[in-house]
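*Asks:* Take the sequence shown: its position 68, counting from 1, is numbered 68 in full-length UniProt numbering, and each next residue is one higher.
Note that the Cβ used here is the ideal one computed from N, Cα and C, for glycine as well.
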Amino acid sequence: MKALGRHILAEYFSCDKDILNDVVALEKYLNDAAKAANATVISSSFRTFQPFGVSGIVIIAESHLAIHTWPEYGYAAIDFFTCGDSADPWKAHEYLKNLLKPLYTKEQEVLRGVLDLEHFTYKAQCNLVVEQ
């Protein structure tokens, strides 16, 4: 059995509430986490909510990183989803965890696109040309 992608589902508990409500910092942190994972950043989109909370996504050539925060609880739910072999979602998780400094975390890795094939005839590569 082989998988097309790896999806880390992470929960961060007891984070700094101010950081979890800082849309500018979180967008920078997730973009930097993608780069730490050796992923190719395509774009990102982040939004704040009233009275508090941030949701955002970083689109990478290998899939995406996403975050949803509940500052009032010091909680963040984060997805690190990568396809192919060039990017490592665990590196993105470790990078972000060091910045958000949760008291504790829960993580689960889910293999996506598990196929009962001896070989993949096409293996995802990051040969994307990004137009500005």
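1. Spatial neighbours of V110 within its chain, please: CB distance less than 6 Å, with the 5 preceding and 5 following residues excluded, ordered by chain position.
2. Given this structure, state the Cα-to-Cα distance separating H68 from A39, to the nearest angstrom.
3. Is N21 buried or exposed, if buried means 16 or more other CB atoms sit within 10 Å of its CB?
4. Does the distance from the C-beta atom of A10 to that of I19 stay below 8 Å?
5. Could you tell me the boundaries of the beta strand (DSSP E) in which D79 lies?
*Replies:* Once the coordinates are examined:
1. H7
2. 20 Å
3. buried
4. No.
5. Y75 to C83
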